[in-house]
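So the sequences go chain by chain: D and F. Residue numbers are given in the UniProt record's numbering: position 56 of the first sequence equals residue 56, and the series is strictly consecutive. Residue numbers are given in the UniProt record's numbering: position 127 of the second sequence equals residue 127, and the series is strictly consecutive.
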Amino acid sequence: MQAIKDEEANAHPLVDHSVDLLELAEEYENGSEAFKKKIQNLSDTHDRMRRSRGDGNCFYRAFAFAWFERVMLAIKSKPELHANAVRTIEETKDLLLAAQFELLAFEDFYQVTLETLQNLVHFTSEELLTAFQNDEISNSIVMHFRLVASAFLKTHQDDYAPFLEFGQTMDEFCSMHVEAMGRESEEMMLIALTKATHVSIEVAYLSGNQAADEVNFLPFLPDTAPYMPPLVLLYRPGHYDILYRKSHCLEGVI
Amino acid sequence: MSSAVHRRMLKEYMAIQKNAATRPHLELLEPIQEDDLLHWQAILLGTADSAYEGGRFKLDIVIPTSYPIQSPTIRFVTKICHPNVHFKTGEICLDILKSEWTPAWTLESVCVAISSLLTNPEPSSPLNCDAANLLRCGDTAGYNSLVKMYTALYATGDSDEE
Chain D
1 MQAIKDEEAN AHPLVDHSVD LLELAEEYEN GSEAFKKKIQ NLSDTHDRMR
51 RSRGDGNCFY RAFAFAWFER VMLAIKSKPE LHANAVRTIE ETKDLLLAAQ
101 FELLAFEDFY QVTLETLQNL VHFTSEELLT AFQNDEISNS IVMHFRLVAS
151 AFLKTHQDDY APFLEFGQTM DEFCSMHVEA MGRESEEMML IALTKATHVS
201 IEVAYLSGNQ AADEVNFLPF LPDTAPYMPP LVLLYRPGHY DILYRKSHCL
251 EGVI
Chain F
1 MSSAVHRRML KEYMAIQKNA ATRPHLELLE PIQEDDLLHW QAILLGTADS
51 AYEGGRFKLD IVIPTSYPIQ SPTIRFVTKI CHPNVHFKTG EICLDILKSE
101 WTPAWTLESV CVAISSLLTN PEPSSPLNCD AANLLRCGDT AGYNSLVKMY
151 TALYATGDSD EE
């Protein structure tokens, strides 16, 4: 079973070129009316999407790519986004140390993430995509964001431990569900990453629910005032991709 | 070899040498050959006042190129009597080496965890049923004498038993 899953996953790049939202509609051509209506409505406000490989890491990879791409596209018009992002990633080192992670265990992932972010000043869209399609770079960035989410939860146990299954400690939850590669993310990880990076997310929930024609958007907000419009992710049960909102007017998306 | 795993193992190697004094039960942890950083060995010392006292237990450690995202494969080379270690193959049943592995571990912290498994066995998930059954039925004296016997037999000599 795992082998079939891996083979399926390996057939797709870790992060793909963006495509017109029409392609999403085509996937559901023979699907239920509920999906068709929702995608139709979604396409009023969103025009493109980008697939993240369904390997259990899709949320972290989609989040990191969408954030880094946003920073790169605004490198000339809003250089403060880049400065903010670099400062945020540098601060994650202190967060990880505060959560008792060993520097030796996380510094390679941290360095790759920071270097990729620093490279955005001269990256083209093509080069950013290539970096995220490279196993070593892409998985290091995923790993760093996993550890950041875990560190945030561990250092805010009082707030989040009540949501765990009875008898489970935060350390157990984090090592089994957050830090281990390939483990799918739940809302708690989205909340943790949003708050740890000060980057807001909106998740569009696309489901076969007949009761509504509209896609439901769920916001994840940091504690500080967001300094850029939210990253938009598309969620279908078990999987996250990236969405492009028309009003964000992003130029240079490939 | 992937340069990332190579870089990581070199860093671990240097850190281990620096920390040597802080971990009394780990006599040795190093690559078997200097030019192959993906194949290591370790020697654990049985803790004083335990049935493993006086024993030196050799571990064989194989690092996958995807380390630390994937766990190392570790087995006992020295024969050891323990509920969570297979008596013939040396396979270790420890959650952090299987389902609960996370890249936050290092070889050194894993070896320390294996060392503490020696004195904190989990008889509910046994690979050695004879040892586990003695513990499960509360026969600590029987268990300790069995462990002592095998420690004396296989883990106290000068040569490493394969």
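We treat Cβ as the ideally placed atom computed from N, Cα and C, and that holds for glycine. Note that this is a predicted model, so its numbers are computed, not measured.
Item                                                                                                                                                               : Value
What residues from the segment 101-117 of chain F come within 9 Å of chain D, judged by C-beta to C-beta, listed N to C?                                           : TRP101, THR102, PRO103, ALA104, TRP105, THR106, GLU108 and SER109
Taking DSSP as the reference, what is the three-state secondary structure of D/ASN216?                                                                             : strand
Could you name the residues of chain D that F/ARG56 contacts, counting a contact when the two beta carbons are closer than 9 Å?                                    : Neighbours of F/ARG56 on chain D: none; closest Cβ ~26 Å, over 9 Å.
Tell me the rounded alpha-carbon separation between D/LEU24 and F/VAL112.                                                                                          : 50 Å
Touch check for the segment 37-52 of chain F and the segment 4-13 of chain F: three-plus C-beta pairs under 8 Å?                                                   : yes
Using 8 Å as the limit for Cβ to Cβ distance, is F/ALA15 near chain D?                                                                                             : yes
Rounded to a whole number of angstroms, what is the C-alpha to C-alpha distance between F/SER159 and F/PRO121?                                                     : With a pLDDT of 49 at F/SER159, under the threshold of 50, the modelled position of that residue is not reliable, and no figure is offered here.
First and last residue of the beta strand (DSSP E) that includes D/LYS37?                                                                                          : Counting along the chain, D/LYS37 falls outside any beta strand (DSSP E), though it belongs to the alpha helix (DSSP H) covering 33-45.
Check whether the segment 52-61 of chain D and the segment 208-227 of chain D touch, using three or more Cβ-Cβ pairs below 8 Å as the test.                        : no
Taking CB distances under 8 Å as the criterion, tell me whether D/PHE101 reaches chain F.                                                                          : yes
Using CA coordinates, which residue listed in D/ASP171, D/GLY31 and D/HIS122 is at the minimum distance from F/GLU100?                                             : D/ASP171
Under 8 Å between C-beta atoms, does D/LEU153 make it to chain F?                                                                                                  : no
Cβ of F/ARG75 less than 8 Å from any chain D Cβ?                                                                                                                   : no
With a 10 Å radius around its C-beta and 16 neighbouring C-beta atoms as the bar for buried, classify F/CYS137 as buried or exposed.                               : exposed
Output the boundary residues of the alpha helix (DSSP H) element that contains D/PRO79.                                                                            : 79-98
Once you ignore the five residues that flank D/VAL121 on each side, which residues in its own chain have a CB closer than 8 Å to its CB?                           : ILE75 and HIS82
Taking 8 Å as the cut-off, decide whether the C-beta atoms of D/ARG61 and D/VAL178 are in contact.                                                                 : no
Take the Cβ of F/GLY46 as the centre, count every other Cβ of all protein chains shown within 10 Å, and call the residue buried at 16 or more, exposed below.      : buried
Within the segment 144-180 of chain D, note down every full beta strand (DSSP E) run reaching 3 residues or more, in order along the chain.                        : none
I need the boundaries of the beta strand (DSSP E) containing D/VAL203, first residue and last residue.                                                             : 201-205
Can you check whether the C-beta of D/MET189 is within less than 8 Å of a C-beta belonging to chain A?                                                             : Among the protein chains in the structure shown, which are D and F, there is no chain A.
Quick one: does the C-beta of F/ALA15 sit closer than 7 Å to a heavy atom of the ligand MN?                                                                        : In terms of ligand content, the structure shown is empty, and the ligand MN therefore cannot be addressed.
Thinking C-beta only, is D/VAL215 closer than 8 Å to D/LEU42?                                                                                                      : yes
Determine which residues share a DSSP beta bridge with D/TYR240 and list them.                                                                                     : D/TYR235
May I ask you to list, following chain order, the residues of the segment 62-94 of chain F that have a beta carbon less than 9 Å from some beta carbon of chain D? : SER66, PRO68, ILE69 and GLN70
Apart from the five residues just before and just after F/TYR67, which ones in its own chain have a Cβ nearer than 6 Å to its Cβ?                                  : VAL5
Using a C-beta to C-beta distance shorter than 7 Å, which residues of chain F count as neighbours of D/SER175?                                                     : GLU100 and THR102
Are F/ARG83 and F/PRO31 close, meaning C-beta to C-beta below 8 Å?                                                                                                 : A quick correction: the sequence has Pro, not Arg, at residue 83 of chain F. No. Outside cutoff.
Should F/ILE114 be labelled buried (16 or more other beta-carbon atoms within 10 Å of its own) or exposed?                                                         : buried
Among residues of its own chain, excluding the 5 on either side of D/LEU208, which ones have a beta-carbon nearer than 7 Å to its beta-carbon?                     : Residue identity differs from the one stated: residue 208 of chain D is Gly in this sequence, not Leu. Here the set comprises SER32, ALA34 and PHE35.
Under the assumption that D/SER175 contacts F/THR102 (Cβ atoms under 8 Å), give the Cβ distance between them as a whole number of angstroms.                       : 5 Å
Compare the beta carbon distance of D/LEU147 and D/PHE173 with 8 Å and say whether it is the shorter of the two.                                                   : no
Nearest to D/THR155 by alpha carbon, out of D/LEU193, D/PHE166, D/GLU186 and D/HIS12?                                                                              : D/LEU193
Using a C-beta cutoff of 8 Å, does F/LYS18 count as contacting chain D?                                                                                            : no
Which residue from D/GLU91, D/GLY238 and D/THR88 puts its Cα closest to that of D/ALA187?                                                                          : Sequence check: residue 187 of chain D is Glu here, not Ala. Among D/GLU91, D/GLY238 and D/THR88, the Cα nearest to that of D/GLU187 is on D/GLY238.
Do the segment 144-151 of chain F and the segment 47-56 of chain F make contact, defined as three or more Cβ pairs closer than 8 Å?                                : yes
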